[in-house]
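Protein chains in written order, with numbering that gives the first Met the number 0: chain A, 0 to 311; chain B, 0 to 301.
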Amino acid sequence: MLKIEKLSKNYGKFPALKELSLEVPDGQLHGFVGPNGAGKTTTMRILATLMAPTSGAAWVDGTNLVREGQKARKLVGYMPDFFGVYDNLTCREYLDFYARCYRIGAEERKRMGSQLLELVQLQEKENEYVNGLSRGMKQRLCLARSLIHDPKLLILDEPASGMDPRARAEMKGILRTLREMGKTVLISSHILPELSEMCDSLTILDHGELVFSGSVEELSDRMNGNAPLDIRLAETAGAEAVEEAVRCLRELPYITEILQEEPFLLRVRLDGGEDVCMAAMRELVTRNVPVCDFHRAPMNLEKVFMEVTQDA
Amino acid sequence: MLNPILSFSAIRRMRTFRTMLIVIAYEAALLVLAMAITGGFLKDELYLNMMERGPLCYAVMLGAQFVMLFLIAPAMTSGAVAGERERQTLDLLLVTNTGSFRIITGKILESFALLALLIICAVPVECLCLMTGGVTILQILTGTLFLLAVALACSAVGVFCSSMCRSTVASGVMSYIVLLGIGVVTALPFVFGYPRRITDVVYDAELYAELTPAGARAMIPALLYLNPGFGLLSLIQGQLHVLTGYMTGHGWGRIYCTWLMMDRADCGMIAVICAGGLVLVSAALAGGAALLIRRRTQTVKS
């Protein structure tokens with residue numbers, strides 16, 4: 000299990016990360032979301048033992064990532080957002096090189112190399128030079144590299160950045176397989192809808208501060224309370240019905256915004272919870288407005304993210 | 000287990016055409032030099048004074064290799080760590096279980112391996128001197144060992160500078176400056192603070208006759224032992240005794256006095272001390288570079 004406690008990092012006087020505390024249970028795919036400069040990469044570099052925090056600590060399975068760097072490196076696999084590859088090395092040699100850096104024995108190196116090349120679907124490129132691979136293939140090879148020592152925690156910083164949709168879908172498939180294998184994965188991405196589909200839980204950072212941490216459902220539930228109402232009117236009633244609905248809604252004190260999304264679809268923002276929502280519906284029905292559909296607008300992760308970071 | 004940085008970097012380097020070109024150019028330059036000096040012998044023209052050409056050829060080739068090492072080493076080592084930074088592969092190395100010191104020693108040894116390849120490939124060329132006589136194979140091998148010590152020190156300086164700089168170009172320039180600086184700074188005792196005792200002893204025949212090799216070594220300023228050029232001259236003088244003859248009677252002052260002092264101190268031993276000093280400096284630089292690569296990574300703002 001990954002545990003982060005009051006982790007802070009300052010670059011000079013600039014606080015990049017402010018007392019981040021977080022827990023990720025075993026076998027979870029945890030999304031790390033935030034706008035540029037939110038502190039995602041800083042957190043990931045600290046967890047990968049590449050950087051010392053200004054204060055705070057982090058543990059993987061009880062091993063302190065800050066103080067027990069050498070031991071921690073066996074438990075953590077890291078794939079940075081930008082990375083290069085060595086020229087004049089084949090894919091097999093590339094993995095073999097990193098396996099030797101992790102002091103893995105010859106037999107195990109060979110076995111892991113074959114398994115991982117198969118996992119990332121590069122077994123056919125085994126003897127091809129790494130610098131000749133496409134970007135997507137390099138990303139997959141780097142993912143295989145980060146798994147070469149069979150780490151418990153996998154840290155992936157924007158693993159799908161710069162990939163075409165097909166390569167992204169392949170990467171998604173590999174991540175699902177990793178979850179099935181029981182790996183704990185910490186993944187950051189700007190492709191938020193993809194994270195919402197894949198992740199069990201999420202952390203949203205903004206300006207180095209934790210804005211939200213919890214399951215995707217919790218986040219959606221929390222945000223759906225503030226989601227706008229979509230009110231669809233019967234088309235057979237004509238334009239007068241829409242005017243009547245707008246007039247009626249404007250009279251209600253808790254309605255803050257009315258938008259006409261489509262000719263017969265109104266999107267309404269209101270100040271309040273379910274009681275206010277019920278009152279609005281009751282009012283419309285009482286005034287004989289021909290409402291045929293009335294529901295909270297679905298919030299995908301992207302919308303939620305925008306809302307949350309805007310508030311912060 | 001062999002250092003993976005060393006073995007894989009060597010594989011990658013040896014797969015490039017550039018490495019082969021460097022080896023060919025280096026050996027060709029030495030061959031041309033050797034042919035130019037011993038050319039008359041190869042034309043079946045044999046004179047008595049040609050016997051002197053063997054030692055001269057050897058000394059010139061040793062000197063030429065010494066200079067070439069100083070020119071080639073920074074170019075070879077400048078990308079050792081800075082190149083990893085530019086290629087964005089350093090982080091991938093630092094998250095492995097290979098410690099910083101092992102990474103640095105791998106880098107130094109890999110650069111050293113190429114320089115060692117150049118030096119060892121030059122041994123057959125140096126053996127051309129054997130044809131004219133005046134030089135033994137043992138002397139050539141000793142000279143090779145000294146050059147290997149110099150190559151190790153040059154590699155260590157190059158890798159140290161590479162771990163300090165963010166770019167390969169800056170690292171290369173810095174390496175040249177540092178190597179030049181080491182040469183100048185360690186030669187300073189010749190110019191400033193030259194021990195007058197040396198002159199006093201050399202010009203006093205009685206004192207000079209009583210001077211033991213250890214006593215003579217103690218009189219030579221310690222900093223001078225870290226000057227690779229001083230080591231090379233000691234080696235050539237110790238092996239061939241050709242250089243004193245050039246100076247006698249030319250009024251070379253303190254250089255001549257130092258020369259005589261070196262003769263008394265056993266030039267071979269001075270060369271050994273100098274080579275040992277260079278190896279120690281290399282180890283110290285490796286330690287410094289190992290500290291630097293992690294510290295430099297810490298300051299990267301994401």
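Ideal Cβ positions, reconstructed from N, Cα and C, are used throughout, including at glycine.
Just so it is clear, the structure is predicted and the values come from calculations on it, not from any experiment.
Beta-carbon separation (whole angstroms), residue i vs residue j, contact threshold 8 Å
i, j, result
"residue 76 of chain A", "residue 140 of chain A", "Wrong, their Cβ atoms sit about 13 Å apart, outside the cutoff."
"residue 86 of chain A", "residue 11 of chain B", "7 Å"
"residue 114 of chain B", "residue 79 of chain B", "Not quite, the Cβ-Cβ distance comes to about 13 Å (not below 8 Å), so this is no contact."
"residue 119 of chain A", "residue 143 of chain A", "5 Å"
"residue 60 of chain B", "residue 125 of chain B", "5 Å"
"residue 112 of chain B", "residue 208 of chain B", "47 Å between Cβ atoms; not a contact."
"residue 75 of chain B", "residue 157 of chain B", "7 Å"
"residue 271 of chain A", "residue 26 of chain A", "Going by Cβ atoms, the distance from residue 271 of chain A to residue 26 of chain A rounds to 39 Å, so no, they are not a contact pair."
"residue 22 of chain B", "residue 116 of chain B", "7 Å"
"residue 49 of chain A", "residue 64 of chain A", "Residue 49 of chain A to residue 64 of chain A, Cβ: 11 Å. No contact."
Cutoff 9 Å: residue i Cβ touching any chain B Cβ
i, result
"residue 199 of chain A", "no"
"residue 100 of chain A", "yes"
"residue 174 of chain A", "no"
"residue 144 of chain A", "yes"
"residue 158 of chain A", "no"
"residue 72 of chain A", "yes"
"residue 83 of chain A", "yes"
"residue 335 of chain A", "Residue 335 of chain A is absent from the structure shown; chain A starts at 0 and stops at 311."
"residue 141 of chain A", "yes"
"residue 79 of chain A", "yes"
"residue 87 of chain A", "yes"
"residue 138 of chain A", "no"
"residue 75 of chain A", "yes"
Any chain A beta carbon closer than 9 Å to residue i
i, result
"residue 22 of chain B", "no"
"residue 100 of chain B", "no"
"residue 165 of chain B", "no"
"residue 301 of chain B", "Because the pLDDT of residue 301 of chain B is 38, which lies under 50, any placement of that residue in the model is unreliable, and the number read from its coordinates should be weighed accordingly. For residue 301 of chain B, the answer is yes, since a Cβ of chain A falls inside 9 Å of its Cβ."
"residue 317 of chain B", "With chain B covering 0 to 301 only, the question about residue 317 of chain B has no answer from this structure."
"residue 92 of chain B", "yes"
"residue 292 of chain B", "no"
"residue 73 of chain B", "no"
"residue 4 of chain B", "yes"
"residue 104 of chain B", "no"
Residue range of the unbroken alpha helix (DSSP H) whose run includes residue i
i, result
"residue 124 of chain A", "Neither: residue 124 of chain A is in no alpha helix (DSSP H) and is coded neither H nor E."
"residue 14 of chain A", "That residue, residue 14 of chain A, is in no alpha helix (DSSP H); its beta strand (DSSP E) goes 13 to 23."
"residue 182 of chain B", "167 to 190"
"residue 50 of chain A", "Premise fails: residue 50 of chain A is in no alpha helix (DSSP H) and is neither H nor E."
"residue 237 of chain B", "227 to 239"
"residue 176 of chain A", "164 to 179"
"residue 77 of chain A", "Taken as a continuous stretch (DSSP letters only), residue 77 of chain A belongs to no alpha helix (DSSP H), being part of the beta strand (DSSP E) at 75 to 78."
"residue 113 of chain B", "99 to 120"
"residue 245 of chain A", "238 to 249"
"residue 12 of chain B", "3 to 13"
"residue 51 of chain B", "Per DSSP, residue 51 of chain B belongs to no alpha helix (DSSP H) and is neither H nor E."
"residue 139 of chain B", "136 to 163"
"residue 197 of chain B", "195 to 202"
"residue 212 of chain B", "212 to 218"
For residue i, the first and last residue of its enclosing beta strand (DSSP E)
i, result
"residue 213 of chain A", "208 to 214"
"residue 66 of chain A", "That residue, residue 66 of chain A, is in no beta strand (DSSP E); it is neither H nor E in DSSP."
"residue 187 of chain A", "183 to 187"
"residue 0 of chain A", "Run containing residue 0 of chain A: none; DSSP gives neither H nor E here."
"residue 259 of chain A", "254 to 261"
"residue 92 of chain B", "It is not in any beta strand (DSSP E) - residue 92 of chain B instead sits in the alpha helix (DSSP H) that spans 89 to 93."
CB contact flag (residue i, residue j, <9 Å)
i, j, result
"residue 149 of chain B", "residue 230 of chain B", "yes"
"residue 186 of chain A", "residue 155 of chain A", "yes"
"residue 111 of chain A", "residue 132 of chain A", "no"
"residue 1 of chain A", "residue 174 of chain A", "no"
"residue 283 of chain B", "residue 100 of chain B", "no"
"residue 189 of chain B", "residue 234 of chain B", "no"
"residue 268 of chain A", "residue 256 of chain A", "yes"
"residue 263 of chain A", "residue 233 of chain A", "yes"
"residue 244 of chain A", "residue 288 of chain A", "yes"
"residue 258 of chain A", "residue 251 of chain A", "no"
"residue 106 of chain B", "residue 4 of chain B", "yes"
Opposing strand residues paired with residue i [DSSP bridges]
i, result
"residue 32 of chain A", "A:203"
"residue 293 of chain A", "A:230"
"residue 154 of chain A", "A:77 and A:185"
"residue 318 of chain A", "Nothing can be reported for residue 318 of chain A: it is not among the residues displayed for chain A, which extend from 0 to 311."
"residue 269 of chain A", "A:254"
"residue 10 of chain A", "A:13"
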